[in-house]
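The structure under discussion appears below in the form of structure tokens.
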Amino acid sequence: MKTKPAAMLSWIELSASALEQNIRSLSKLVKGRPIAASVKSNAYGHGISQVATLLLPLREVWYLSVHSVEEARQCRFAGWNRAIMLLGPAAPSEVDAIIEYDLEPTIFDIETLDALGKLSKKHKRAIKTHLKLETGTNRQGITAKEIPAFVKLYKKYASLGGIYGASTHFANIEDTTNHAYAEHQLDQFKTLVNQLKKNGCSPKLLHTASSAAAILFEKTRFDLVRPGISVYGHWPSKETYLSHKLMGGNNNLFTPLLTWKTRITQLKNVPAGEFVSYGCTYRTTTKTKLAVLPIGYYDGYSRALSNRGHVLVHGHRAPVRGRVCMNLMMVDVTHIPNVKLHDEVVVIGRQKDEVVSAEMVGDWAGTINYEVLGRLNSAIPRVIVK
Ligand SMILES: *Cc1c(COP(=O)(O)O)cnc(C)c1O
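Going by my numbering, the sequence shown runs without a break in its numbering and finishes at 392.
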């Protein structure tokens with residue numbers, strides 16, 4: 007789809023060169039290990055088909071990892087012809103798609119393993135499955151006690167071709183500078199993998215590392231890393247950034263690729279003492295120039311940013327006045343010279359020398375960069391730049 011940005015009222019620009027730089031940085035950091043780039047949640051809000059297309063020429067990326075079969079379908083539709091790892095569950099009605107789209111599913115319960123065993127038998131085709139091991143996140147993994155039953159079923163369904171991958175996911179690696187729990191999980195992982203081997207199942211591909219783990223812990227990188235947020239040029243957290251810095255690392259690794267832009271669709275001069283937006287939560291204290299923007303919480307600009315957020319107009323911050331509405335919001339441009347109708351506004355990203363980052367928006371809204379990005383409405387047009 008080729009849509010001219012100038013014709014739009016709200017759009018997201020994706021920098022192809024920033025994405026390439028982030029992948030190169032990650033690859034160098036993990037010493038050339040293959041990358042499974044996480045494109046779940048519409049590629050962290052960036053646009054799954056656009057990101058899949060941009061990642062295709064980058065050979066460091068062996069896998070895309072997705073949450074759902076529908077996301078996998080979108081990757082295939084966009085032309086992704088390398089491996090896809092399915093991290094989340096497939097509905098019973100969707101299991102055939104695992105063959106159709108050639109997916110590598112995660113196994114976290116015996117029912118799924120049984121269904122996939124039957125599927126591989128029916129199609130006389132091996133399926134590369136990734137067994138998720140429980141190391142302390144208590145989300146998807148299987149425990150030491152359950153291992154013998156899984157191994158037995160793998161052996162029953164010889165057509166599956168054994169256990170291809172074994173994985174786990176860390177619970178407490180982003181939000182802290184104390185990594186004792188991650189170390190404990192890593193020990194657990196090794197113990198469980200050894201137990202699989204003792205039972206006669208040797209996974210070929212071990213992988214545990216999300217962005218924070220891959221960045222901070224060499225020992226978690228194994229045969230493949232599974233970064234998400236860092237692919238898009240964002241640090242997983244302040245703590246990860248700080249820990250990396252304290253380890254003497256280079257902190258100029260990543261560049262955000264997303265800029266969310268909109269345009270001023272109305273300008274109005276409001277006298278002092280007037281209320282702005284629903285709930286009358288803001289009252290002007292002086293003669294005020296308001297710009298009305300055609301975006302709201304439907305688009306992913308959280309209502310929690312009411313009277314808290316800032317956008318950029320002509321490289322200056324313009325504060326949000328009153329409540330963010332469903333499709334509209336008002337910002338104060340009184341202090342910014344020469345503001346005109348249809349001027350470009352940056353909601354997330356850089357404009358001239360000023361930046362409003364996804365991290366800042368997250369702080370203002372009481373959440374994290376992951377949620378700010380992941381909630382960007384998929385209906386906003388995505389435009390690839392340089
Ligand atoms: C989302 C996800 C990742 C990527 O995590 P980031 O913190 O975004 O790097 C890795 N592994 C699993 C299992 C995930 O669900």
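Idealized CB from N, CA, C, for every residue including glycine.
| query | result |
| --- | --- |
| C-alpha gap between Arg327 and Phe281, whole angstroms | 9 Å |
| Within-7 Å CB hit, Leu222 to chain C | Absence of chain C from the displayed structure is noted, only one protein chain being present. |
| Sequence-distant residues of the same chain with beta carbon closer than 6 Å to Gly94, five excluded per side | His73 and Ser74 |
| Sequence-distant residues of the same chain with beta carbon closer than 8 Å to Ala58, five excluded per side | Val45, Ala49, Leu70, Gln80, Cys81, Ala84, Gly85 and Trp86 |
| Residue nearest to Gly279 in terms of C-alpha spacing, selected from Arg289, Tyr376, Gln272 and Gly285 | Arg289 |
| DSSP state of Ala155 mapped onto helix, strand, coil | helix |
| Rounded Cβ spacing between Arg269 and Asp349 (contact assumed at less than 8 Å) | 7 Å |
| First and last residue of the uninterrupted alpha helix (DSSP H) at Asp115 | That residue, Asp115, is in no alpha helix (DSSP H); it is neither H nor E in DSSP. |
| Collapsed DSSP secondary structure at Leu250 in the structure displayed | Here the sequence assigns His to residue 250, which means Leu is not the residue at that position. Three-state DSSP puts His250 in a helix. |
| Pairwise C-alpha distance: Lys346 and His320 | 10 Å |
| For Leu15 and Thr373, the rounded distance between their alpha carbons | 26 Å |
| Cβ shell of Phe3 (< 7 Å), same chain only, five flanking positions each side left out | As displayed, the chain neither begins before 7 nor continues past 392, which places residue 3 out of reach and without an answer. |
| Length of the line joining the Cα atoms of Lys392 and Tyr170 | 38 Å |
| Heavy atom of ligand 2 within 6 Å of Leu93 beta-carbon | What this structure holds is ligand 1, not ligand 2. |
| For Asp338: DSSP bridge partner residues | Leu296 |
| Cβ neighbours of Glu180 in the same chain (closer than 7 Å, five flanking residues each side left out) | Ala218, Pro242, Ser243, Glu245 and Thr246 |
| Own chain residues within Cβ distance below 6 Å of Asn375, not counting five before or after | His240, Ala364, Glu365 and Gly368 |
| Ile235 CB to nearest heavy atom of ligand 1 below 6 Å | yes |
| Secondary structure of Tyr304, DSSP reduced to three states | helix |
| CB contact flag (Pro277, Lys295, <7 Å) | no |
| Best match in Ser55, His185 and Leu25 for proximity to Ala385 [C-alpha to C-alpha] | Ser55 |
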